[in-house]
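Top to bottom, those sequences are chains A and B.
At position 50 of the first sequence the residue is numbered 55 (my numbering), and the sequence of numbers has no breaks.
At position 52 of the second sequence the residue is numbered 111 (my numbering), and the sequence of numbers has no breaks.
Virtual Cβ for every residue (Gly too), placed ideally from N, Cα, C.
First up is the structure itself, then whatever we jot down about it.
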Amino acid sequence: DAGVIQSPRHEVTEMGQEVTLRCKPISGHDYLFWYRQTMMRGLELLIYFNNNVPIDDSGMPEDRFSAKMPNASFSTLKIQPSEPRDSAVYFCASSFRTSGGNEQFFGPGTRLTVL
Amino acid sequence: SQKIEQNSEALNIQEGKTATLTCNYTNYSPAYLQWYRQDPGRGPVFLLLIRENEKEKRKERLKVTFDTTLKQSLFHITASQPADSATYLCALAQTGRRALTFGSGTRLQVQP
């Protein structure tokens with residue numbers, strides 16, 4: 006398996022533009038997580054899905070952020086309009102439900118820079 | 060408020076020594092705790108999971124302890140190697156939730 010795949014790896018955009026980040030989870034995993042990492046705030050959970058259904062979006066900073074999971078193999082995180090303070094590394098992770106806990110497999114991340 | 064605290068200062072040790080990293084938490088009732096390793100420019104990689112009813116877990120040169128009374132986990136790397144240099148993150152999952160909350164991480168530097 007190729008692991009969690011994210012695209013693009015790097016994105017540079019100007020303030021006000023729409024940004025779409027993409028994620029393909031590991032096949033067979035039923036949980037998908039979106040995180041954001043910055044030096045100031047560390048690794049923060051934005052939203053997570055179970056079987057393509059959003060379960061907890063309390064970490065989504067504001068209405069400019071939206072996430073979808075139209076099927077088990079694809080998810081998007083959209084920022085519209087983008088602002089400089091959205092600059093961060095965005096990670097997608099997936100896991101398979103187990104009785105004891107969920108080891109999460111992270112993608113390589115998308116480094117977003119908003120000018 | 061809920062907090063997960065890891066030593067923000069880098070830990071520098073000599074090769075061959077044991078590295079010990081600390082994770083303290085407040086206002087959590089974690090079902091389990093996980094440790095991840097993160098290298099620069101990469102996503103975190105899972106290392107170990109320990110459940111609330113377990114005191115200690117080992118995997119090769121790694122050992123994790125979990126004290127729910129002290130609200131603390133210790134992460135040990137024995138016979139450390141320069142290749143162990145990375146940032147180590149602890150993460151908690153509240154009982155009944157799948158979401159993880161991560162600490163800010165501790166950077167470990169192993170000197171040859």
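In this chain, the beta strand (DSSP E) harbouring P59(A) covers V58 to D61.
Of the candidates P89(A), S99(A) and Y95(A), P89(A) places its Cα closest to the Cα of V119(A). Sequence-ordered contacts of the region 148 to 160 of chain B with chain A read L148, A150, A152, R156, R157, A158, L159 and T160 [C-beta pairs closer than 9 Å]. Listed along the chain, the chain B residues whose CB falls inside 8 Å of the CB of E108(A) are Q93, F105 and L108. DSSP places A158(B) in the coil class of the three-state scheme, outside both helix and strand.
With a minimum length of 3 residues, the unbroken runs of beta strand (DSSP E) contained wholly in the region 30 to 91 of chain A fall at 36 to 43, 47 to 55, 58 to 61, 70 to 76 and 79 to 84. Taking the beta carbon of L50(A) as reference, the chain B residues within 9 Å of it are A158, L159, T160 and F161, listed in sequence order. Within 7 Å of the CB of F96(A), the CB atoms of chain B belong to G102, in sequence order along the chain.
The count of Cβ pairs closer than 8 Å, one atom from the region 160 to 170 of chain B and one from the region 125 to 144 of chain B, reaches three, so the stretches are in contact. Residues of the region 52 to 67 of chain A with a Cβ closer than 8 Å to any Cβ of chain B, in chain order: Y53, N55, I60 and D61. According to the DSSP secondary-structure assignment, V119(A) is paired through a beta bridge with T18(A). Listed along chain B, the residues sitting closer than 9 Å to G114(A) by beta-carbon distance are G100, R101 and G102.
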